[in-house]
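Undergrad: Residue numbers (our numbering): 24 to 147. Glycine included, C-beta positions come from ideal geometry on N, C-alpha and C. Note that the coordinates shown come from a computational prediction; the quantities given were computed from them, not determined experimentally. Attaching a single structure in structure tokens format; questions to follow.
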């Protein structure tokens, strides 16, 4: 599992850069990132504690949650099979995106159930 940070910001030019500079200046590498419209950015930092400290020092508004990082084959249909298995198990997916290594970052309402499906598929 990994920690995803959702950073809240104003919807105007430069605010994403401002938030990302806070992390970069603190030496935090971003392993995965997903933009949610113009007011939020979700990301998985390489060092969650350092990210938390940097964002707190800068007075940035953010929330965190646990996500799965899965080793899904880079082949046509592999991601669809994962999504179908989650759906068949009644796991409601909240977000799915890739990290810098091509691994799948997955957020679900019931992360424990999602992890069980991922274990059965051998992608954890």
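Apply the 10 Å Cβ neighbour rule to residue 89 and answer buried if 16 or more other Cβ atoms are within range, or exposed otherwise.
TA: Counted from its first residue, the chain shown places residue 89 at position 66. It is exposed - the Cβ of residue 89 has fewer than 16 other Cβ atoms within 10 Å.
Undergrad: Taking 8 Å as the CB-CB cut-off, is residue 37 touching chain C?
TA: Going by chain labels, chain C is absent from the structure shown, which holds only one protein chain.
Undergrad: Any idea if residue 72 is buried or exposed, counting beta-carbon neighbours within 10 angstroms, 16 or more meaning buried?
TA: Taking the first residue of the chain shown as position 1, residue 72 is located at position 49. Counting Cβ neighbours within 10 Å, residue 72 comes out exposed, since fewer than 16 surround it.
Undergrad: Starting from the C-beta of residue 151, find all residues in its chain whose C-beta is less than 7 Å away, skip the five residues before and the five after it, and write them out in chain order.
TA: Outside the shown range of the chain, which is 24 to 147, sits residue 151, and nothing can be said about it.
Undergrad: Report, in whole angstroms, the separation of the C-beta atoms of residue 108 and residue 118, which I expect to be a contact under 8 Å.
TA: On the chain shown, residue 108 is found 85 positions in, with the first residue counted as 1. On the chain shown, residue 118 is found 95 positions in, with the first residue counted as 1. Contact doesn't hold; Cβ gap of about 17 Å is too wide.
Undergrad: Work out the CA separation of residue 61 and residue 32 for me, nearest whole Å.
TA: As a position in the chain shown, residue 32 is number 9, starting the count at 1. As a position in the chain shown, residue 61 is number 38, starting the count at 1. Taking the straight line from one Cα to the other gives about 8 Å.
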